[in-house]
């Protein structure tokens, strides 16, 4: 079994910045828009190299979405950048009407997602964004797990026709996805094969899931970890194949259990292969101010919670 190692902690938003910079060099149709958060979205290198292809909209996120939709009519591929809360909740009407309903080729790129935004508190820690975006017809929803995968996802979505929501984060986290692991929209990745429990994780919880497998292994439990970087379209075929073997599943995400990855998995399994499932996610609550580590611990979004949920799921077989 391949062992993944932390290549050095780095924030996933920097992966977005690196991917956008590379796109600036390879795809002349890519343009970028920002709502006064250039530094936070790591967009400066793209701007330095492509000043004529960048638009600073200011703190006017609704206008940014409308402008982005308009730019697609001229054949451009716009990437919008702001915090996840402002990328979804603040501008939901504009996304629904001008982007999703119209099928516009806009890439909505959202940093500072989830509870690991940290000290800024509940008003900025959106835990509902995946649910908001996955319910929009035609919207692809992607939540990569580390710097390398976020860079790969950013590059990949430029070639995808249609609206995309790309979600990433603020804190420095383990960077462990290696170059030999391809990124394909809609295709989950088995990182650790196992036979006793399936752990389907997304975003920052993927690394926690891998660490949980090491704990479970010491107790004689073989866990299969699947990196579900694309929440919509969901890789139902891979999930069903896994649970047919393991007989139970844990979903793990930095999001409300209502509307998130776990809910999507539950719906797929209820339809195709009913399976005992446990959820590692926030429990219908807002966040609060604290360090990312403190909040992940308090809200049960870590390896210990995944271990406990795995044992509970196994007991329900």
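Numbering (the numbering used here), first residue to last: 244 to 560.
Virtual Cβ for every residue (Gly too), placed ideally from N, Cα, C.
It should be emphasised that the depicted structure is a prediction, and the values quoted were computed from it without experimental measurement.
Any idea if residue i is buried or exposed, counting beta-carbon neighbours within 10 angstroms, 16 or more meaning buried?
i: residue 205; result: Missing from the structure shown is residue 205; the chain here goes from 244 to 560 and no further.
i: residue 270; result: exposed
i: residue 378; result: exposed
i: residue 380; result: exposed
i: residue 520; result: buried
i: residue 301; result: exposed
i: residue 397; result: buried
i: residue 461; result: exposed
i: residue 536; result: exposed
i: residue 347; result: buried
Who are the near neighbours of residue i in its chain, counting only those whose CB is closer than 7 Å to its CB and skipping five residues on each side?
i: residue 418; result: 249, 250, 251, 252, 253, 389, 390 and 391
i: residue 356; result: 327, 369, 372, 410, 411 and 412
i: residue 465; result: 437, 438 and 439
i: residue 287; result: 281
i: residue 488; result: 438
i: residue 318; result: 272
i: residue 285; result: 256, 257, 259 and 260
Measuring alpha carbon to alpha carbon, tell me which residue in the options is nearest residue i.
i: residue 311; options: 352, 488, 288 and 498; result: 352
i: residue 403; options: 416, 384 and 411; result: 384
i: residue 342; options: 542, 354 and 323; result: 323
i: residue 316; options: 289, 297, 349 and 294; result: 349
i: residue 256; options: 481, 359 and 267; result: 359
i: residue 472; options: 459, 366, 494 and 463; result: 494
i: residue 458; options: 553, 290, 266 and 420; result: 553
i: residue 246; options: 296, 517, 508 and 468; result: 468
i: residue 476; options: 331, 433, 407 and 301; result: 407
i: residue 542; options: 515, 361, 347 and 479; result: 361
i: residue 421; options: 451, 414 and 393; result: 393
i: residue 525; options: 514, 501, 278 and 509; result: 501
i: residue 283; options: 258, 491, 523 and 347; result: 258
i: residue 533; options: 363, 263 and 337; result: 363
i: residue 555; options: 522, 535 and 544; result: 522
i: residue 486; options: 557, 424 and 544; result: 557
i: residue 375; options: 441, 264 and 331; result: 331
i: residue 354; options: 277, 490, 432 and 313; result: 277
i: residue 309; options: 290, 344, 490 and 285; result: 344
i: residue 329; options: 279, 424 and 415; result: 279
i: residue 527; options: 536, 509, 560 and 499; result: 499
i: residue 274; options: 433, 382 and 401; result: 401
i: residue 405; options: 463, 441, 320 and 424; result: 320
In this structure, does DSSP put residue i in helix, strand or coil?
i: residue 439; result: coil
i: residue 375; result: helix
i: residue 448; result: helix
i: residue 321; result: strand
i: residue 524; result: strand
i: residue 340; result: helix
i: residue 566; result: Residue 566 lies beyond the range of the chain shown here (244 to 560); nothing can be said about it.
i: residue 544; result: coil
i: residue 470; result: strand
i: residue 385; result: strand
i: residue 247; result: coil
i: residue 475; result: strand
i: residue 256; result: helix
i: residue 411; result: coil
i: residue 274; result: strand
i: residue 549; result: helix
i: residue 297; result: strand
i: residue 353; result: strand
i: residue 416; result: strand
i: residue 458; result: helix
i: residue 390; result: helix
i: residue 434; result: strand
i: residue 428; result: coil
i: residue 529; result: coil
i: residue 493; result: strand
Tell me whether residue i counts as near the ligand GDP, meaning its Cβ is closer than 7 Å to at least one heavy atom of that ligand.
i: residue 426; result: As for the ligand GDP, it is missing from this structure, which has no ligand bound.
Residues in its own chain within less than 6 Å of residue i by CB, not counting five upstream and five downstream?
i: residue 449; result: 388 and 470
i: residue 455; result: 546, 549 and 550
i: residue 292; result: 267
i: residue 538; result: 358
i: residue 395; result: 426
i: residue 544; result: 497
i: residue 305; result: 334 and 337
Excluding sequence positions up to five away, which residues of its chain have a Cβ less than 8 Å from the Cβ of residue i?
i: residue 399; result: 426, 427 and 428
i: residue 529; result: 365, 368 and 370
i: residue 474; result: 373, 377, 384, 385, 386, 445, 503, 504 and 507
i: residue 430; result: 473, 478 and 481
i: residue 483; result: 511, 512, 515 and 516
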